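Position 154, counted from 1, in the sequence shown is what my numbering calls 159; the numbers after and before it change by one each time, with no gaps.
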Amino acid sequence: MNGKCISQNANNYPWKAYLKVLLSSGISTSKSQLQSQLYWPEGEGISDADPAGGTNLSLRSRYVYTKESKEFDMEGPLYVDCFNLDKYMINGVDLQLRLFRTRGEFLLVSGESSPSYKLTILDAIFKACKVKVDSAILLNHANAIVKTPVTYNYLKTDVKMTTISYKTSEFYWDDIWNGKRPSKMYVTFVKQSAVNGSYSDNPYNFEHFNLSEIVLLINGESLPIRPMKLDFETNSNYVTPLYNLYQSTEKWFRDESLIIDREKFAGGFAIYSFDIDPSDIGVGYINLVHHANVGVYARFAKATTTTISAIAFCEYPALIQVDQAREIRLL
6 MNGKCISQNA NNYPWKAYLK VLLSSGISTS KSQLQSQLYW PEGEGISDAD PAGGTNLSLR
66 SRYVYTKESK EFDMEGPLYV DCFNLDKYMI NGVDLQLRLF RTRGEFLLVS GESSPSYKLT
126 ILDAIFKACK VKVDSAILLN HANAIVKTPV TYNYLKTDVK MTTISYKTSE FYWDDIWNGK
186 RPSKMYVTFV KQSAVNGSYS DNPYNFEHFN LSEIVLLING ESLPIRPMKL DFETNSNYVT
246 PLYNLYQSTE KWFRDESLII DREKFAGGFA IYSFDIDPSD IGVGYINLVH HANVGVYARF
306 AKATTTTISA IAFCEYPALI QVDQAREIRL L
């Protein structure tokens, strides 16, 4: 905005967008609106890279539209935080948008021994809403902003990533958010090879990797008080993180669903959620920005057999201020 970068300047956007979809959408949405983006929820066979004859039904559904170099179209929102403001942006603020593509090895899947596919964008259109405001309201805004800057409160999201080495049985990630304490936080794991880009590995396959324990630490104090104990092998005990996921997304005790159910959780949707400020559920007030050392401790039942990337996604309240000179401040 007016030359100031207000979004995360990193290559983690694909996971931010995917996690936002998973944490806000239900089964009915995935069977209707999300298909405009060629999204079908992954299910059994999420790791299968054969689109024609494999068991990954969501991959096969996309393959119908893309096989034999067909031209296809998609339409959907950009998952950028400032696009979710509950008020219109004041006049005189220019918005610059820059998009960066991911590599073909990251966004395409193939089970062939030496694939060489690529995706060509033939056309791209950005749709935006522009409102013509009455001149009297513009005059009132001009007088008011002399005394007080315009303030927009919104929910800011962030994604961080770190590496877990091969043959690791315990892992601690310290001060993930550089001193900030989010209101909600989600942790998941994916193969490092998929993050780097691999035709055979799905970067959205959030495997459990036989995780046996996970806990969030805030200034050294655990949240929840007792670490979550998990068993993905003999007993299939992982209902607590599934319950936490529904609670954090404000679906619990409501007739609402997520794409993730009990069976899918262990089959590529293992997301561990931590609701740090549960008191703000459903309440429309502005929370103060809190500061703390937030870390994650995890233990695996068996040492990891491959290098893993740990992904952390968080939400916290933030403010955008615009003064009379149209200078942008992020708080």
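Heads up, the beta-carbon is just placed ideally off N, CA and C, and yes, glycines get one too.
On a predicted model such as this, the values are computed, not experimentally measured, just so you know.
Cutting at 6 Å between CB atoms, please list the residues of its own chain near residue i, excluding the five before and the five after it.
i           : result
residue 97  : 331
residue 219 : 233, 277, 303
residue 281 : 188
residue 227 : 220
Indicate whether residue i and residue j have their beta-carbon atoms separated by less than 8 Å.
i           : j           : result
residue 315 : residue 94  : no
residue 324 : residue 11  : no
residue 32  : residue 313 : no
residue 199 : residue 215 : no
residue 6   : residue 143 : no
residue 19  : residue 114 : no
residue 105 : residue 208 : no
residue 54  : residue 204 : yes
residue 267 : residue 244 : yes
residue 241 : residue 271 : yes
residue 197 : residue 168 : yes
Since residue i sits in a beta bridge, which residues does DSSP pair it with?
i           : result
residue 300 : 222
residue 295 : 186
residue 178 : 301
residue 322 : 160
residue 317 : 165, 192
residue 69  : The partner list for residue 69 (beta bridge, DSSP) is empty, contrary to what the question assumes.
residue 155 : 327
residue 334 : 326
residue 233 : 219
residue 280 : 189
residue 274 : 211
Looking at C-alpha atoms only, which residue of the options is the closest neighbour of residue i?
i           : options            : result
residue 194 : 92, 109, 164, 43   : 164
residue 189 : 239, 50, 24, 103   : 24
residue 15  : 123, 103, 235      : 103
residue 126 : 8, 134, 79         : 79
residue 224 : 267, 295, 135, 66  : 295
residue 67  : 133, 39, 87        : 39
residue 320 : 275, 162, 333      : 162
residue 327 : 147, 180, 297, 179 : 147
residue 269 : 50, 13, 43, 36     : 50
residue 118 : 206, 298, 236, 141 : 206
residue 116 : 65, 213, 77        : 65
residue 172 : 8, 311, 70         : 311
residue 13  : 120, 85, 138       : 85
How close, in whole Å, do the beta carbons of residue i and residue j come, if the pair is a contact with beta carbons under 8 Å?
i           : j           : result
residue 192 : residue 317 : 5 Å
residue 300 : residue 179 : 5 Å
Residues in its own chain within less than 7 Å of residue i by CB, not counting five upstream and five downstream?
i           : result
residue 90  : 157, 159
residue 229 : none
residue 261 : 31
Keeping to the same chain, check which residues put their C-beta closer than 8 Å to that of residue i; ignore five residues upstream and five downstream.
i           : result
residue 174 : 304, 305, 307, 308, 309
residue 136 : 93
residue 124 : 109, 112, 113
residue 62  : 45, 48, 49, 50
8 Å is my cut-off, CB to CB: does residue i come that close to chain C?
i           : result
residue 194 : The question asks about chain C, but that chain is absent: this structure has only one protein chain.
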